[in-house]
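In UniProt numbering, the protein residues as written are 3 to 329. Inspection log for the structure reproduced underneath, given as structure tokens.
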Ligand code: HPA
Ligand code: ZN
């Protein structure tokens, strides 16, 4: 119980959370009632069952159904502010939030409405909740290089305030990282950071490709790196942080249980590990819950728990003065 209070009071930052996946149960049921055609349950108990995933591909199918509920700037605004409220309540004052513009455009949400909702939501997050939000615009990898080009163009043409990085999400199997190299090169030349997902649903070769082909500065998940000692040494030496999302990995059935998660091995090899939620209500996860579960499962001392929180500040793309304030 003491540990729970310690975790709750610990200043934390969140580096891996998808905007769509952060929608609260209340928001999703409300939107589902408004758009019954989308196939998302409007009843909370049924929605909870809807959020029981057979595997990673099933998770993505559900995620895309929720994504299609977002039809206006007001919907986006509400999600952003709701996320900020949830973060503030957990003593998290800075987050890098992944947004997938290409998917929203395909779902019929105009780009200007997306940008307006992000901007007004971000302003409200700061003013009303004291939470600074930064954006990662990510490429839905399953849609190929077309999505890469469109995401890059959307990012650079609009360059919204708070945009810090280019990401790459979706399935990994059959979606080689290297095909997106030109977009990450252009993004890095334009001053954006490189943060692809890799090693969540495929092996360490995908992480190597993210590092070598995409210049990854952090890795979304990266859990399968644990199978490759050379890769672990490389991540540790080059201070490439992993955005580990333990509950997500259990709920999408990438690992059997928290106890079976390779996080201990990652830490033992000196890899900069950060703890994150990915898609919190979809996985029944909270940032405090991730810290608490990992601390209990691994038997971490308080100093070690605090170090995990500091790892995330160091691995963030916040301004240096901001990092000092967050530490
Ligand atoms: N991985 C890939 N794509 C995603 C994820 C994830 O964890 N969450 C939402 N889209
Ligand atoms: Zn993710």
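Glycine included, each C-beta is placed from N, C-alpha and C at the ideal position.
- Scanning 265, 230, 178 and 283 for the CA closest to the CA of residue 276 turns up 265.
- The alpha-carbon separation between residue 242 and residue 38 amounts to approximately 43 Å.
- Two segments are said to touch when three or more pairs of C-beta atoms, one from each, lie closer than 8 Å; by this definition the stretch 199-216 touches the stretch 167-185.
- Bounds of the beta strand (DSSP E) holding residue 200 are 195-200.
- Remark: the C-beta of residue 106 is outside contact range of ligand 1, defined as less than 7 Å to any heavy atom.
- In the assembly as shown, residue 223 is a buried residue. Its beta-carbon has 16 or more other beta-carbons within 10 Å.
- Cβ-Cβ distances below 8 Å link residue 10 to 92, 93 and 290 in the same chain, with the five nearest sequence neighbours on each side left out; the list follows chain order.
- The three-state secondary structure of residue 68, taken from DSSP, is helix.
- Under the three-state reduction of DSSP output, residue 173 falls in the coil class, being neither helix nor strand.
- As computed with DSSP, residue 168 is found in a beta bridge with 139 and 196.
- Ranked by Cα distance from residue 117, the first of 129, 101, 132 and 108 is 101.
- Around ligand 2, the residues whose beta-carbon falls short of 6 Å from at least one of its heavy atoms are 18, 20, 171, 199, 222 and 280, given in chain order.
- Between the C-alpha atoms of residue 321 and residue 131 there is a straight-line separation of about 20 Å.
- When beta bridges are read from the DSSP output, residue 276 appears opposite 245.
- In the three-state DSSP reduction, residue 44 falls in the coil class, being neither helix nor strand.
- Distance check between residue 207 and each of 96, 188, 176 and 105 places 176 closest, using alpha-carbon atoms only.
- A distance of 8 Å or more separates the beta carbons of residue 188 and residue 166.
- When distances are taken from the beta-carbon of residue 176 to the heavy atoms of ligand 1, even the shortest one reaches 7 Å or more.
- Judged by DSSP in its simplified three-state form, residue 53 adopts coil rather than helix or strand.
- Our two residues, residue 190 and residue 141, have alpha carbons roughly 15 Å apart in a direct line.
- A contact between stretches requires three or more CB pairs, one per stretch, nearer than 8 Å, and the stretch 76-88 fails this requirement with the stretch 297-313.
- Residue 285 has its alpha-carbon roughly 15 Å from the corresponding atom of residue 66.
- Of 56, 57, 59 and 34, the smallest CA-CA separation from residue 48 is found for 34.
- Counting C-beta atoms within 10 angstroms of its own C-beta, residue 146 has fewer than 16 neighbours from the protein chains shown and is therefore classed as exposed.
- Contact between residue 219 and residue 197 holds: CB atoms are separated by about 7 Å, below the 8 Å threshold.
- About 6 Å separates the CB atoms of residue 209 and residue 233; that is less than 8 Å, so the two are in contact.
- Here the stretch 14-25 makes contact with the stretch 50-70; the two share three or more CB pairs at distances below 8 Å.
- In the displayed model, residue 163 falls within coil according to three-state DSSP, outside both helix and strand.
- Unbroken alpha helix (DSSP H) runs of no fewer than 4 residues, entirely contained in the stretch 258-309, are found at 265-270, 282-285 and 289-300, following chain order.
- In this structure, the straight-line span from the alpha carbon of residue 41 to that of residue 172 is close to 21 Å.
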